[in-house]
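*Asks:*
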Amino acid sequence: MSKDTVNQSVTHALSFDIEDWFHIVEIKAVEDPELWPGLHEESSLVERYTDLILEICARRSTHATFFLLGWVADRHPDMVRRIADAGHEIGVHSYWHRKVYELSPDEFHADMRQAIDIIEQASGHKVAGFRAPSFSITHGTEWAFDVLADLGLLYDASLFPAKRGHGGYACPPGIHMITTPSGRQLPELPMSVAPVGIGPVKKAMCYSGGGYMRLLPYALIEQGLQAELAAGRPTVVYLHPRDFAPDCPKVRMPPHRYFKCYVGTASTANKLDRLLAAHRFDTCRAVLENEIGALAGTDKEQVA
């Protein structure tokens, strides 16, 4: 099978976690939510770079899933509506961007209820999918899947099947079904991990989102994508507005976090454009439905 044929044999999932630059976790300079309104007024970049993302998607005639932070949707309802009116899927990324494993089930439910209500009101559409801040559904917090089901969400996209600073959850590669603690079934779209490297030296790692996509050269991103294609699995791309922002404000943080947060931002837009030109992408929900069949309900349902 030719490379061009393989490229069209699988539809990949394109997603964006819509939060502002100061929503990075565990950075003391910005961790207090009481600081956020002032930072938003002085240096917000979320709307400007979300509009850039929308331009790239429109140029390549590609739809994506936008997992919106409720705090951002509360302050940018017109932006939320623009995303929805462009035909993209609207998902939820929590309200306060708190890690799931630091919350109780009741706290998580309240946070999510607040976020969903605001996002649905702004977009005019029901929310179907969730991505946890920092992929923070970890072993021991499986109760979160029941909270998602209780809230009427139809799928999760929160699991990161490799070790990382704020999460990591051992799970099967690719799309699969989760059984919640109460016995319900929930489709899962985990992040993509594949062997990536130069020559015979390869390491299984994430290659297609956030800092990984900013830092890796395009050839290694393509290598990971081809490895998943060979296994018959779609790649999940995830990015944030700040990943596109060379002018992102700088704050004090440990050197390794500084490197992960700020290096490579000037290359992201071009890498994304190249991927969308070379491969077929769609929303998370569309990719799930291609693999497991129609989900119950509809993300196109209008909010009353």
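The working numbering applies: residue 1 is where the sequence shown begins, and numbers increase by one.
Note that beta-carbon positions come from the ideal geometry of N, C-alpha and C, so glycine has one too.
(1) Mapping DSSP to helix, strand and coil, what is residue 305?
(2) Helix, strand or coil for residue 27? Go by DSSP, reduced to three states.
(3) Pairs of beta-carbons, one from the stretch 90-98 and one from the stretch 53-63, closer than 8 angstroms: are there three or more?
(4) What is the rounded straight-line gap between the Cα of residue 181 and the Cα of residue 161?
(5) Does the Cβ-Cβ distance between residue 70 and residue 115 come in under 7 angstroms?
(6) For residue 269 and residue 63, what's the separation of their Cα atoms in angstroms?
(7) Hey, is the stretch 223-238 in contact with the stretch 185-202, meaning 3+ C-beta pairs nearer than 8 angstroms?
(8) Figure out for me which residue from 241, 215, 289 has the closest Cα to the Cα of residue 256.
(9) Among 278, 218, 289, whose alpha-carbon lies nearest the alpha-carbon of residue 271?
(10) Considering Cα atoms alone, identify which of 143, 141, 14, 247 is closest to residue 305.
(11) Quick check on the DSSP output: the alpha helix (DSSP H) that includes residue 259 runs from which residue to which?
(12) By Cβ distance, which residues of its chain are closer than 6 angstroms to residue 10, with the 5 residues on each side in sequence left out?
(13) Could you tell me the alpha carbon to alpha carbon distance between residue 174 and residue 188, rounded to whole angstroms?
(14) Can you round the beta-carbon distance between residue 24 and residue 50 to whole angstroms, since I take them to be within the 8 angstroms contact cut?
(15) Looking only at C-alpha atoms, which of 263, 22, 190 sits nearest to residue 129?
(16) Does residue 305 pass the burial test, meaning 16 or more other C-beta atoms within 10 Å, or should it be called exposed?
(17) Classify residue 127 as helix, strand or coil using the three-state DSSP reduction.
*Replies:* If we stick to the structure as given:
(1) In the structure as shown, the chain starts at 1 and stops at 304, and residue 305 therefore has no counterpart that could be examined.
(2) Within the sequence shown, numbered from 1, the residue matching residue 27 stands at position 27. The answer is coil: DSSP assigns residue 27 none of H, G, I, E or B.
(3) no
(4) Reading the sequence shown from its first residue, position 181 is the one you call residue 181. Reading the sequence shown from its first residue, position 161 is the one you call residue 161. When rounded, the distance between both Cα atoms is 20 angstroms.
(5) Within the sequence shown, numbered from 1, the residue matching residue 70 stands at position 70. Within the sequence shown, numbered from 1, the residue matching residue 115 stands at position 115. Contact: yes.
(6) Within the sequence shown, residue 269 is the residue found at index 269, counting from 1. Within the sequence shown, residue 63 is the residue found at index 63, counting from 1. So the two alpha carbons sit approximately 16 angstroms from each other.
(7) yes
(8) Position 256 of the sequence shown, counting from 1, holds the residue named residue 256. Among 241, 215, 289, the Cα nearest to that of residue 256 is on 215.
(9) As a first step, residue 271 is located in the sequence shown; it is residue number 271 there, counting from the start. For the residues 278, 218, 289, the minimum Cα distance to residue 271 belongs to 218.
(10) Nothing in the structure corresponds to residue 305, since the chain is present only between 1 and 304.
(11) Looking up residue 259 in the sequence shown gives position 259. It spans 255-262 - the alpha helix (DSSP H) in which residue 259 sits, taken as one unbroken run.
(12) Here residue 10 refers to the residue found at position 10 of the sequence shown. These residues qualify, in order along the chain: 229, 234.
(13) Here the question's residue 174 lines up with position 174 in the sequence shown. Here the question's residue 188 lines up with position 188 in the sequence shown. Roughly 8 angstroms separates the two Cα atoms.
(14) Here residue 24 is taken as the residue at index 24 of the sequence shown, counted from 1. Here residue 50 is taken as the residue at index 50 of the sequence shown, counted from 1. That belief does not hold up - the Cβ atoms of residue 24 and residue 50 are roughly 17 angstroms apart, past 8 angstroms.
(15) For the purposes of this step, residue 129 is identified with residue 129 of the sequence shown, where counting begins at 1. Residue 190 is the option with its Cα nearest to residue 129.
(16) Residue 305 lies beyond the residue range present for the chain, which begins at 1 and ends at 304; the question has no answer from this structure.
(17) Sequence index remark: in the sequence shown, residue 127 carries index 127 (1-based). Coil.
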